[in-house]
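Colleague: Quick note, the sequence shown lines up with residues 1 to 612 if you use UniProt numbering. Cβ atoms here follow ideal geometry from the backbone N, Cα and C, with glycine treated the same way.
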Amino acid sequence: MKLPQTLPKNSMIKELTSSGKFRTRANKAWRADILSKSLCDDILQRLSPYLRRNGPVDIIDLWPGAGVWSSEVNNFLRPRQHILVEPDTKEFQDFLKPLAKSKSCYKYLEVNPWVHGIADLISKYLPKKQIQSNGEHAGTSKESDTLLILVNPPLTTSRKQHFLPARWWSRFIEDCMNFSTFNNYGRLQAVASFPRREARSVIPHAIPDRRRPAILTEAVASHAFEIAATHDPGTWSPLIGWDLTVDSAAHVARKTKENNVIIPTGREPIPIPVTPEVEYDPRRPCPYAPRAQTEQSRSWLADMEAGNTTNADALMKKRAKQALYKLRYDNRATYDAYQRAERVISIDQLVRRLSRDAANPNLDFKALKPLDDKIEELKTAVANEPVFAEEKNVRIVLSLIDSNRCARYSGNFDRALLAWDRRPFEPLLIDHEELFPSDGELAMFYFEADINSSLMKGLKEVDPMQRDELLRIFDAFCFSIGTRGLATVGELLSSIFADQSINDIVKAVPSLATFASKRLKSDFDNLPKTLHTKPSRQQSGEPLDPVECFQENLDYDLSDVRVRSLSVSTLWDLAVEYQKRPSRLDTVELNRAVGSSLTSFRSGHMVEKQLH
1 MKLPQTLPKN SMIKELTSSG KFRTRANKAW RADILSKSLC DDILQRLSPY
51 LRRNGPVDII DLWPGAGVWS SEVNNFLRPR QHILVEPDTK EFQDFLKPLA
101 KSKSCYKYLE VNPWVHGIAD LISKYLPKKQ IQSNGEHAGT SKESDTLLIL
151 VNPPLTTSRK QHFLPARWWS RFIEDCMNFS TFNNYGRLQA VASFPRREAR
201 SVIPHAIPDR RRPAILTEAV ASHAFEIAAT HDPGTWSPLI GWDLTVDSAA
251 HVARKTKENN VIIPTGREPI PIPVTPEVEY DPRRPCPYAP RAQTEQSRSW
301 LADMEAGNTT NADALMKKRA KQALYKLRYD NRATYDAYQR AERVISIDQL
351 VRRLSRDAAN PNLDFKALKP LDDKIEELKT AVANEPVFAE EKNVRIVLSL
401 IDSNRCARYS GNFDRALLAW DRRPFEPLLI DHEELFPSDG ELAMFYFEAD
451 INSSLMKGLK EVDPMQRDEL LRIFDAFCFS IGTRGLATVG ELLSSIFADQ
501 SINDIVKAVP SLATFASKRL KSDFDNLPKT LHTKPSRQQS GEPLDPVECF
551 QENLDYDLSD VRVRSLSVST LWDLAVEYQK RPSRLDTVEL NRAVGSSLTS
601 FRSGHMVEKQ LH
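Now the structure itself:
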């Protein structure tokens, strides 16, 4: 189905809105559909290094809508089969039926993807025999076959409905972790179009937004990055701090230039605006703290601008004075948060230095004692700092600490915890006029599964009879990050390893040492300086960093490390270690112990409702 360069948008919109219920903003529902061919072309050009064009490809296309994006992907990849799955036939059949008839590779299904999952669709419509005997690539091995998932799930129309796009994504990743689901394919890819808020659940920009969908994605992805998005105002920037925002963007800009990534004209990202410096209060002077503009700070700046005009009345001048006071307070609070976080981060740097020096065979207890004492002195000073008057300021400081730890701990953004910090380029800018509805927010991201990820390798090594239990334990830890992200690792460990010391647990799971606070043991000189790490790391032959290993001559403390900072591999190693215990809690008890959420459906305890 060939589409013109400039689509007849007005006529398409007229057809899309012919039904009274479609995409009304009153019910806050539905999804944003691409109507621009040029946007499709720019996205496909950006994805061309990742999408395979010279091998057999099958496409499962969920909620394709009007089919503009679907048609362009089909023309680009020329797949063997392209399954269109659209439950809303009343709105889209006039677009999808002609598209399905335009090529023999298409198959149009009027089923609900929430009911029929990916595994069902593969077994029914892409059976193994059909795949290997169909089209010009007949007889090829499954290792050369690619399955591409295109998905644009709608938002819910009711607050009672919990089937959000991020939840669909979690279910999809669970299918990826099931070895039998995609065993007909050597490569699995997905291009998802989500409302921006939902996309942040999969690829968060700040540690506080890291929840189960993101953790599962990290567990099985070889690639996961945003391709294109509508303008991002940067509401997440205050959670990570201005310095990290700028440094991360600069790192991506360097990679983009080094890799000769083409940025089409008009697709350049819009920089996040910074809140300008205002006249400080001479009674309470405070250095300027750069920070991203928020909706609130923009309104204050507008009030100041209006109140400083020659024709401003008394009310406008009063509002301008109030706005100046609020901007000064905001600057002081931000500066204070930056300073507190910086003090903790500076302690982390000293702890890393202590860890590396403790592994040095030429340094003894006497040589390291001054550094050990300095760390304790600084920690005491931080603990004695006056508490914030507002709870939100405490959360901001903890977010700044965790975000900087997870992004900078290795000194290389490409080893950061969040996929966003490792992004290969900035997302292409989508103009709202290229979407319908035009006030819709959209973020598109690319995902490619890695069958050799540490978690997938770990699953293969486990007895098949024990995999389900191990995944349930791992899931409990993942859910706890979404519900108790501010809980410390020390609290988590005390609830499930109550009979073991922190040192013993870190020895069993050495990656816990990465962010742990460390002190010299009193008998330091009599203890070995051996570095303990997981066997697979030891056998790789790579040089070991003492910071990420267990050292017998140090004491460990995890009371200042939040569980949301733990990597997927660490969470998995904890799950494996817990499964070794002779007496374990059942699924419901474990979830309660770690503070995670669990629906009655997942727990298996379905309570029958009484009807009165």
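Could you give the uninterrupted runs of the alpha helix (DSSP H) lying entirely in the segment 91 to 122, keeping only those of 4 residues or more?
Modeller: List check, alpha helix (DSSP H) in window: nothing returned.
Colleague: What three-state label does DSSP hand residue 507 in the structure shown?
Modeller: As a working mapping, residue 507 is identified with position 507 in the sequence shown. Three-state DSSP puts residue 507 in a helix.
Colleague: State the CB to CB distance for the pair residue 230 and residue 442, rounded to an integer number of angstroms; the pair is presumed to be in contact (CB under 8 Å).
Modeller: Residue numbering aside, residue 230 sits at position 230 when the sequence shown is read from its first letter. Residue numbering aside, residue 442 sits at position 442 when the sequence shown is read from its first letter. Yes, residue 230 and residue 442 are in contact; Cβ-Cβ is about 5 Å, under 8 Å.
Colleague: With DSSP run on the structure shown, which of helix, strand or coil describes residue 499?
Modeller: Here residue 499 refers to the residue found at position 499 when the sequence shown is read from its first residue. Residue state, collapsed to three classes: coil.
Colleague: Is it the case that the segment 328 to 336 contacts the segment 269 to 289, given that we only count it when at least three CB pairs across the two stretches are under 8 Å?
Modeller: In short, these stretches touch, since the Cβ pair count reaches three.
Colleague: Pick helix, strand or coil for residue 30, following the three-state DSSP scheme.
Modeller: One-based indexing of the sequence shown puts residue 30 at position 30. Here residue 30 sits in strand by DSSP.
Colleague: For residue 448, which of helix, strand or coil comes out of DSSP?
Modeller: Residue mapping note: residue 448 aligns to position 448 of the sequence shown, counting from 1. Three-state DSSP puts residue 448 in a strand.
Colleague: What are the start and end residues of the beta strand (DSSP E) that includes residue 190?
Modeller: Indexing the sequence shown from 1 puts residue 190 at position 190. Looking at the DSSP string, the run of the beta strand (DSSP E) that includes residue 190 is 187 to 194.
Colleague: Just curious, the alpha helix (DSSP H) that residue 303 is in, first and last residue?
Modeller: Translated into positions along the sequence shown, residue 303 becomes position 303. Residues 295 to 307.
Colleague: Does the beta-carbon of residue 551 have 16 or more other beta-carbons within 10 angstroms, so that it is buried, or is it exposed?
Modeller: One-based indexing of the sequence shown puts residue 551 at position 551. It is buried - the Cβ of residue 551 has at least 16 other Cβ atoms within 10 Å.
Colleague: I'd like to confirm the pairing. Which residues does DSSP put opposite residue 518 in its beta bridges?
Modeller: The sequence position of residue 518 within the sequence shown is 518, counting from 1. Beta-bridge pairing links residue 518 to 556.
Colleague: Please look up how many angstroms separate the CB atoms of residue 124 and residue 108, rounded, as I've assumed it's under 8 Å.
Modeller: As a working note, residue 124 is residue 124 in the sequence shown. As a working note, residue 108 is residue 108 in the sequence shown. That pair is no contact at about 14 Å.
Colleague: Among 525, 510, 239, 302, which residue has its Cα nearest to the Cα of residue 577?
Modeller: For the purposes of this step, residue 577 is taken as the residue at position 577 of the sequence shown. Selected option, being the one with the closest Cα: 510.
Colleague: Going along the chain, which unbroken runs of the beta strand (DSSP E) with 3 or more residues stay wholly within the segment 60 to 91?
Modeller: Whole beta strand (DSSP E) segments, 3+ residues: 81 to 85.
Colleague: Can you tell me the Cβ-Cβ gap for residue 262 and residue 341, rounded? I've got them flagged as a contact below 8 Å.
Modeller: The residue you call residue 262 lines up with position 262 of the sequence shown. The residue you call residue 341 lines up with position 341 of the sequence shown. Actually they are not in contact, since the Cβ atoms of residue 262 and residue 341 sit about 37 Å apart, beyond 8 Å.
Colleague: Starting from residue 172, follow the alpha helix (DSSP H) in both directions and report where the run begins and ends.
Modeller: Reading the sequence shown from its first residue, position 172 is the one you call residue 172. 165 to 176 is the span of the alpha helix (DSSP H), which, as asked, contains residue 172.
Colleague: Find out if the Cβ-Cβ distance for the pair residue 575, residue 470 is shorter than 9 Å.
Modeller: As a working note, residue 575 is residue 575 in the sequence shown. As a working note, residue 470 is residue 470 in the sequence shown. Contact flag set, yes.
Colleague: Check residue 345 in the structure and name its three-state DSSP category.
Modeller: Residue numbering aside, residue 345 sits at position 345 when the sequence shown is read from its first letter. Residue 345: helix per DSSP, three-state reduction.
Colleague: Measure the alpha-carbon distance for residue 129 versus residue 55 and round it to whole angstroms.
Modeller: On the sequence shown, residue 129 is found 129 positions in, with the first residue counted as 1. On the sequence shown, residue 55 is found 55 positions in, with the first residue counted as 1. At residue 129 the pLDDT is 49, less than 50, meaning the model places this residue with poor confidence and gives no usable figure here.
Colleague: Once DSSP output is grouped into helix, strand and coil, what is the label at residue 593?
Modeller: Taking the first residue of the sequence shown as 1, we reach residue 593 at position 593. Helix at residue 593.
Colleague: So, at 7 Å on beta carbons, what are the nonlocal neighbours of residue 595 in its own chain, with the 5 sequence-adjacent residues on each side left out?
Modeller: As a working mapping, residue 595 is identified with position 595 in the sequence shown. Contacts found: 480, 483, 484, 487.
Colleague: Is it buried or exposed, residue 367, if we count other Cβ atoms within 10 angstroms and call 16 or more buried?
Modeller: In the sequence shown, the residue the question calls residue 367 occupies position 367. With fewer than 16 Cβ atoms within 10 Å of its Cβ, residue 367 is classed as exposed.
Colleague: When the distance is taken between beta carbons, is residue 148 closer than 9 Å to residue 126?
Modeller: Sequence index remark: in the sequence shown, residue 126 carries index 126 (1-based). Sequence index remark: in the sequence shown, residue 148 carries index 148 (1-based). No, Cβ-Cβ distance for residue 126 and residue 148 is not below 9 Å.
Colleague: Does the segment 87 to 101 come within contact of the segment 58 to 67, defined as at least 3 CB pairs closer than 8 Å?
Modeller: They touch, by the three-pair rule.
Colleague: For residue 74, which option in 59, 88, 86, 266 has the closest C-alpha, if you only look at C-alpha atoms?
Modeller: Locating residue 74 in the sequence shown gives position 74, counting from the first residue. Nearest of 59, 88, 86, 266 to residue 74, Cα basis: 59.
Colleague: Return the first residue and the last residue of the beta strand (DSSP E) that residue 223 is part of.
Modeller: Against the sequence shown, residue 223 aligns to sequence position 223. 221 to 230 is the extent of the beta strand (DSSP E) around residue 223.
Colleague: To which residues does DSSP link residue 524 through a beta bridge?
Modeller: What you label residue 524 is simply residue 524 of the sequence shown in a count that begins at 1. Looking at the DSSP assignment, residue 524 forms no beta bridge with any residue, so it has no partner.
Colleague: In the DSSP assignment, what are the bridge partners of residue 532?
Modeller: Taking the first residue of the sequence shown as 1, we reach residue 532 at position 532. Beta-bridge pairing links residue 532 to 550.
Colleague: In angstroms, rounded to a whole number, what distance separates the CA positions of residue 284 and residue 382?
Modeller: Start at 1 with the first residue of the sequence shown, and residue 284 comes out as number 284. Start at 1 with the first residue of the sequence shown, and residue 382 comes out as number 382. Roughly 23 Å separates the two Cα atoms.
Colleague: Report yes if the CB atom of residue 214 is closer than 9 Å to the CB atom of residue 455, and no otherwise.
Modeller: Position 214 of the sequence shown, counted from the start, is the residue given in the question as residue 214. Position 455 of the sequence shown, counted from the start, is the residue given in the question as residue 455. Against a cut-off of 9 Å, the Cβ pair of residue 455 and residue 214 comes out as no contact.
Colleague: Using 9 Å as the threshold, is the C-beta distance between residue 275 and residue 244 below it?
Modeller: Here residue 275 corresponds to residue number 275 of the sequence shown, with the count starting at 1. Here residue 244 corresponds to residue number 244 of the sequence shown, with the count starting at 1. It is not a contact, given that the beta carbons lie outside the stated cut-off.
Colleague: Among 228, 174, 94, 118, which has the Cα closest to the Cα of residue 425?
Modeller: In the sequence shown, residue 425 corresponds to position 425, counting from 1. For the residues 228, 174, 94, 118, the minimum Cα distance to residue 425 belongs to 228.
Colleague: Within 10 Å of its beta-carbon, does residue 25 have 16 or more other beta-carbons around it, so buried, or fewer, so exposed?
Modeller: Taking the sequence shown and counting its residues from 1, one reaches residue 25 at position 25. Confidence at residue 25 is low in this model, with a pLDDT of 44, below 50, so the placement of that residue should be treated as unreliable; the coordinate-derived value is given next. Looking at its Cβ environment, which holds fewer than 16 other Cβ atoms inside 10 Å, residue 25 is exposed.
Colleague: What does the alpha-carbon distance come out to for the pair residue 305 and residue 322?
Modeller: Within the sequence shown, residue 305 is the residue found at index 305, counting from 1. Within the sequence shown, residue 322 is the residue found at index 322, counting from 1. Approximately 12 Å between the Cα atoms of the pair.
Colleague: Using CA atoms only, rank isn't needed, just tell me which of 79, 249, 508, 49 is closest to residue 414.
Modeller: As a first step, residue 414 is located in the sequence shown; it is residue number 414 there, counting from the start. Taking only the C-alpha atoms, the option nearest residue 414 is 249.
Colleague: Would you mind sorting residue 35 into buried or exposed? The rule is 16 or more other CB atoms within 10 Å of its CB.
Modeller: In the sequence shown, residue 35 corresponds to position 35, counting from 1. Under this definition residue 35 is a buried residue.
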